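*Asks:*
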Amino acid sequence: MAASRTLTTFRLPPLPTIREIIKLFRLQAVKQLSQNFLLDLKLTDKIVRKAGNLTNAYVYEVGPGPGGITRSILNASVAELLVVEKDSRFIPGLQRLTASTGSRQRSRLSVMAQHLCHVRHLFTIPGRAFVPKPQVDVGVVHFTPLVRPAIQQPFELVEKVVQSAFHFRRKYCHRGLGMLFPEAQRLESTEKLLQGADVDPTLRPTQLSVSHFRSLCDVYRKMCDEDPHLFAYNFREECKRTKCKSQEPEDDRESSRL
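Going by my numbering, the first residue of the sequence shown is number 1, and it counts up by one from there.
#1: What span of residues does the beta strand (DSSP E) with H121 cover, start to end?
#2: Count the other CB atoms within 10 Å of the CB of I151; is the residue buried (16 or more) or exposed (fewer)?
#3: Between which residues of its own chain and A232 is the CB-CB distance below 7 Å, once the five residues before and five after are set aside?
#4: Here's the rule: buried if 16 or more other CB atoms are within 10 angstroms of the residue's CB, otherwise exposed. What is E191?
#5: Excluding the 5 residues preceding and the 5 following A197 in the sequence, name in chain order all residues of the same chain whose CB lies nearer than 6 Å to its CB.
#6: Could you tell me whether the region 223 to 238 touches the region 198 to 206, using the rule of 3 or more Cβ pairs below 8 Å?
#7: One question on the structure: do A76 and L97 come within less than 7 Å of each other, judged by their Cβ atoms?
#8: According to DSSP, is H229 helix, strand or coil?
#9: Go through the region 132 to 209 residue by residue and report every complete run of the alpha helix (DSSP H) that reaches 4 residues or more, in order.
#10: Please state whether DSSP places E322 in a helix, a strand or coil.
#11: For P145, count neighbouring C-beta atoms within 10 Å of its own C-beta (all shown protein chains included) and say buried if the count is 16 or more, exposed if not.
#12: For G68 and Y172, I'd like the C-alpha separation in whole angstroms.
#13: CB-CB under 7 Å to A57, same chain, minus the five flanking residues each way: which ones, in chain order?
#14: Report the partner residues of Y58 according to the DSSP bridge assignment.
#15: Between the Cα of V48 and the Cα atoms of T70, E156, G65 and G63, which residue gives the shortest distance?
#16: In or out: Q185 buried (at least 16 other Cβ within 10 Å) or exposed?
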């Protein structure tokens, strides 16, 4: 199917299940935090309904964990939801969400979040402000959904471009972006992509701004429209067929995360 037909509308993919999130981040309930993860969203919906009509309400949730009840609260059409989490395992994810261009924490998650929302780290609450005192400080992060996504392309296309770039996060961006193209045309097409987007091929993925990715996605979309089979190309599938293990991405934990 032609790319112009495949990539016509903007839509978000379905969220992973709570069970999948727990598996993805290798989460285990911590007894010291009195944690028990509730996986049945029908039950979390029932809990939220018992809180009354939350339409346009301002809700405060303590200990969201993997986000079961959080989803049910958001589905209740609240005006704003504030969540507080003391489990330090969730801190790196928040740091990646707010990481600015050039930051060591900058990742695929940073770009995808900032492409859809205005994400701000408001302030940090020192651990000594809590009783009992936790071993870590607490960061407060604020999300404001954008009226229009920063990158006006289908989610699947944006995700593919960003994911490819960050597969080789320690190398120049042209290395990861080359994974968007079959080996026979990789060098030529990667050069065309970068030149068309006016992106320096020697920038690291962490140095690419949302504006950079907007340009890259726009040019890649045009290339997909010109070549109906391009968007369906999968680098890993090609590697399996050719057994080119030497081309496998470097160990990058981010590539297995949301």
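Backbone N, C-alpha and C define an ideal beta-carbon position, used for all residues, glycine too. In this text, all values refer to a predicted model and were calculated from it rather than measured experimentally.
*Replies:* Judging by the given coordinates:
#1: C117 to I125
#2: buried
#3: none
#4: exposed
#5: S215, L216 and V219
#6: no
#7: no
#8: coil
#9: 155 to 166, 173 to 177 and 186 to 197
#10: In this structure the chain extends from 1 to 258, so residue 322 is not present and cannot be described.
#11: exposed
#12: 38 Å
#13: V78 and A79
#14: E80
#15: T70
#16: exposed
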